[in-house]
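Going line by line, the protein sequences match chains S and L. Under our numbering, read the first sequence as residues 315 to 707, first letter to last. Under our numbering, read the second sequence as residues 9 to 257, first letter to last.
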Amino acid sequence: MNGLNMNSFKKAIRPKEEDFAGFSCNIPQLITHRINQFNGFFFENKDSSLKINNGTIICSMETAKQKYSSILAEKNIKDLSSYEEGLFIYVPKDAQIDLPLQILDIIKAEDSILINSKSIIIIGENSKLKLICCDDTVNNKSSISENSLQIFLEDNSSLEYYKMENINNSSSIFTETNFILASNASLTTFWLSINGGNIRNKLNVSFEGEHSKAELYGLYLADRDQKVLNEISVKHNKPNCISTQLYKGILDDSAEAEFKGHINVGKNAYLTEATQNNRNILLTDKARVNTQPFLEIYNDDVKCSHGATVGQLDQSAMFYMRSRGITERSARMLLMYAFCNEVLSKASLQELKDKLQDIIKRRLHGELSSCENCVLVCNNPCESMDVDITKIN
Amino acid sequence: MSLIEIRNLHASINGKEILKGVDLTINKGEVHAVMGPNGNGKSTLASVIAGKDNFEVTQGEIIYQGKNLFDLSIDQRAAEGIFLGFQYPVEIPGVSISNFMKTAINEQRKYKGLDPMPTFEFMKLMEEKKKIVELDSKLANRSVNEGFSGGEKKKNEIFQMAMLNPTLSILDETDSGLDIDALRIVAAGVNALRSKENSTILITHYQRLLDYIVPDFVHVLYEGKIVKTGPKELALELEEKGYEWLKYE
Numbered sequence: 315m316n317g318l319n320m321n322s323f324k325k326a327i328r329p330k331e332e333d334f335a336g337f338s339c340n341i342p343q344l345i346t347h348r349i350n351q352f353n354g355f356f357f358e359n360k361d362s363s364l365k366i367n368n369g370t371i372i373c374s375m376e377t378a379k380q381k382y383s384s385i386l387a388e389k390n391i392k393d394l395s396s397y398e399e400g401l402f403i404y405v406p407k408d409a410q411i412d413l414p415l416q417i418l419d420i421i422k423a424e425d426s427i428l429i430n431s432k433s434i435i436i437i438g439e440n441s442k443l444k445l446i447c448c449d450d451t452v453n454n455k456s457s458i459s460e461n462s463l464q465i466f467l468e469d470n471s472s473l474e475y476y477k478m479e480n481i482n483n484s485s486s487i488f489t490e491t492n493f494i495l496a497s498n499a500s501l502t503t504f505w506l507s508i509n510g511g512n513i514r515n516k517l518n519v520s521f522e523g524e525h526s527k528a529e530l531y532g533l534y535l536a537d538r539d540q541k542v543l544n545e546i547s548v549k550h551n552k553p554n555c556i557s558t559q560l561y562k563g564i565l566d567d568s569a570e571a572e573f574k575g576h577i578n579v580g581k582n583a584y585l586t587e588a589t590q591n592n593r594n595i596l597l598t599d600k601a602r603v604n605t606q607p608f609l610e611i612y613n614d615d616v617k618c619s620h621g622a623t624v625g626q627l628d629q630s631a632m633f634y635m636r637s638r639g640i641t642e643r644s645a646r647m648l649l650m651y652a653f654c655n656e657v658l659s660k661a662s663l664q665e666l667k668d669k670l671q672d673i674i675k676r677r678l679h680g681e682l683s684s685c686e687n688c689v690l691v692c693n694n695p696c697e698s699m700d701v702d703i704t705k706i707n
Numbered sequence: 009m010s011l012i013e014i015r016n017l018h019a020s021i022n023g024k025e026i027l028k029g030v031d032l033t034i035n036k037g038e039v040h041a042v043m044g045p046n047g048n049g050k051s052t053l054a055s056v057i058a059g060k061d062n063f064e065v066t067q068g069e070i071i072y073q074g075k076n077l078f079d080l081s082i083d084q085r086a087a088e089g090i091f092l093g094f095q096y097p098v099e100i101p102g103v104s105i106s107n108f109m110k111t112a113i114n115e116q117r118k119y120k121g122l123d124p125m126p127t128f129e130f131m132k133l134m135e136e137k138k139k140i141v142e143l144d145s146k147l148a149n150r151s152v153n154e155g156f157s158g159g160e161k162k163k164n165e166i167f168q169m170a171m172l173n174p175t176l177s178i179l180d181e182t183d184s185g186l187d188i189d190a191l192r193i194v195a196a197g198v199n200a201l202r203s204k205e206n207s208t209i210l211i212t213h214y215q216r217l218l219d220y221i222v223p224d225f226v227h228v229l230y231e232g233k234i235v236k237t238g239p240k241e242l243a244l245e246l247e248e249k250g251y252e253w254l255k256y257e
């Protein structure tokens, strides 16, 4: 797999909780219900803030299989026995969760470890959830993390899903996430691949009911020899559903990115609207991107479009900005930041948006390369920036 | 003392010589119109002064406030007070006008060794300068030039000029694509910013603009050289006789 010698990686065992004390992904001003996974293992959060009094269940998959087998049985999950260490979240019907849920996936390896976790999330009828998933490594040790996640959105439910991948340069993360949408469901995803040696994301959306919509946003930043793959498949199996995809990336040094976007519109899925866009900026001659849109349409009554661009920073915009006194470096930063902001601006959680803007600013500024394992702990605002790009809009 | 002195300037693009020995001296407080048919080097002259690097200067020099202009980068020239009003202003999606201006002002201040402008002062300046060109407040929060009409783009150029308060403004075909109302507003803006301390180069090929912004001198740039210089009446003469007339002069 990708030239990685998996044999040299040891399967992770359940770590000691105290080894992870002190690591937290703080988003200033944003209060969340925190759920911890350390090296892929679910840990009960003893923090009282996690008591959600509306019947929401948060537990390990192992517990879920014992206690909530009837809920799981309804979902016909293949290969349920392979779900062991992952997470189970069940939001019942008509539930509002006051705060966003935050799943903190922290990897702290002693040797090269292989992490494998499979999780299930069910959002009941008429319920709303905001979910933030942070993947972080806290040292420079190599790891491979394979995450599989099944998310069910029942009728009339809504989910805003934020995924932040921010792992060290010698680590890999392979995700496979399946969103299954019933009727009138609304899904928005933000997939932010901020840092990592080798990142591969498979995201599948399946419309199983009518009048649902999915907005999929992605942003990937890669430098050195980093690799990022995003493979998206949207299946319009039912009529009257809308899907949009907007993925953008900036690649520096010898980084490589791949975007594979598949839209499948079934025979009966009339009045489908599906759009797909992938835009890339290459900062060097060595950076590479491979973008492959793939539309498979078996119905005439649809609106579908796709587009892909690969280019350098706009030289006429650079000249325009510099002619106003903005230095070359700042002009580059502003253009890159504006490019990223098209994706960020769609996020609704302002506090998270601010944090992301800060992380991206640091990333573009080249800070994270030198301070890779302190992403979690350094919460000082980015002081060394000469340009104020915090409030771009 | 002259503000800028252009001496025997030769410049080419892709090996093709466009400017073939331009001489031009501008003093503080003066407005100079540079006229001439399309394709004779007017915009090239503007670009070379601003520092656009796809032009190669093969001969000559430009002395600006005692400094060799070619020693300064594009942004340094701007910080030294040179402003180029673009014929085709560039759209910058995702960067708001206010952020763009704030960055430009603060980077220019940094070059001069000054602290960033306090936010309230900046906001006040924005409000004040927007009025000069009747720039819609809503536009200021939009991305730079994105989806602007031709008139709005040109107003935005003059607004930026007002914000940056340059010593030498070069307005490249500012009148092109403007209806008469927009032209009046833009010209009134330029006139309002005129002072004894700053100078303007107006590049145009129509006399029309000069009814609104009255120049001290009119130059004709023809086949890469300034072939004629005169008072403002020269523009009227050109309008009447056409550029063909120059060939026989």
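Virtual Cβ for every residue (Gly too), placed ideally from N, Cα, C.
Assignment of residue 561 of chain S by DSSP, reduced to helix, strand and coil, places it in the strand class.
Among the residues of chain L, none has a CB under 9 Å from the CB of residue 532 of chain S; the nearest is roughly 17 Å distant. Taking 7 Å as the upper bound on Cβ-Cβ separation, chain S lies near residues 82, 83, 86, 87, 92 of the region 71-92 of chain L. With respect to chain L, the C-beta atom of residue 646 of chain S has no partner C-beta closer than 9 Å. At least 9 Å separates the beta-carbon of residue 218 of chain L from that of residue 54 of chain L. Taken through DSSP and simplified to helix, strand or coil, residue 331 of chain S comes out as helix. Annotated three-state conformation of residue 41 of chain L is strand, per DSSP.
Shortest Cα-Cα distance from residue 239 of chain L to any of L/253, L/193, L/224 involves L/224. Of the other Cβ atoms in all chains shown, 16 or more fall within 10 Å of the Cβ of residue 174 of chain L; this residue is therefore buried. Separation of the CB atoms of residue 588 of chain S and residue 557 of chain S is rounded to 5 Å, and the pair is thereby assigned contact status at 8 Å. Between residue 680 of chain S and residue 392 of chain S, the alpha-carbon positions lie close to 43 Å from each other. In the structure shown, residue 578 of chain S adopts extended strand secondary structure according to DSSP, grouped into three states. Against chain L, the CB of residue 655 of chain S has a partner CB under 9 Å away; the residue lies at that interface.
Residue 172 of chain L reaches chain S at 638, 639, counting residues in chain order whose Cβ is nearer than 9 Å. Within the DSSP bridge table, the entry for residue 528 of chain S names S/501, S/557 as partners.
Three or more Cβ pairs closer than 8 Å define a contact, and the region 72-80 of chain L falls short of that threshold against the region 233-248 of chain L. Note on the region 80-130 of chain L: whole alpha helix (DSSP H) runs with a minimum of 4 residues are 82-87, 105-119, in chain order. Chain S has no Cβ within less than 9 Å of the Cβ of residue 206 of chain L.
Apart from sequence neighbours up to five positions away, the residues of its chain that approach residue 198 of chain L with a beta-carbon distance below 6 Å are 221, ordered along the chain. Within the region 619-637 of chain S, the residues whose Cβ lies closer than 8 Å to some Cβ of chain L are 628, 630, 631, 633, 634, 635, 636, 637, listed in chain order.
Within the same chain, Cβ atoms closer than 8 Å to the Cβ of residue 626 of chain S are found at 595, 596, 597, the five residues on either side in sequence being excluded. Straight-line spacing of the CA atoms in residue 64 of chain L and residue 38 of chain L works out to 28 Å.
Collapsing the DSSP output to three states places residue 643 of chain S in a helix. L/88 is the residue among L/139, L/95, L/88, L/105 whose C-alpha sits nearest the C-alpha of residue 118 of chain L.
Residues of the region 93-107 of chain L whose Cβ lies closer than 9 Å to any Cβ of chain S, in chain order: 94, 96, 97, 98, 99, 100, 101, 102, 103, 104, 106, 107. The C-beta of residue 541 of chain S has 16 or more other C-beta atoms within 10 Å across all chains shown, which makes the residue buried. In the three-state reduction of the DSSP assignment, residue 216 of chain L falls in the coil class, being assigned neither a helical nor a strand state.
Residue 606 of chain S has S/574 as its beta-bridge partners, per DSSP. In the DSSP assignment, residue 672 of chain S falls within the unbroken alpha helix (DSSP H) covering 664-679.
Contact check for residue 445 of chain S against residue 475 of chain S passes: the beta carbons are separated by less than 9 Å. At a cut-off of 9 Å between beta carbons, residue 652 of chain S contacts chain L. Using a 10 angstroms sphere on the CB of residue 553 of chain S, the tally of other CB atoms reaches 16 or more, which defines it as buried. In this structure, residue 463 of chain S sits near residue 433 of chain S, with a CB-CB distance shorter than 9 Å. Out of L/252, L/236, L/166, the CA that lies nearest to the CA of residue 190 of chain L is found in L/166.
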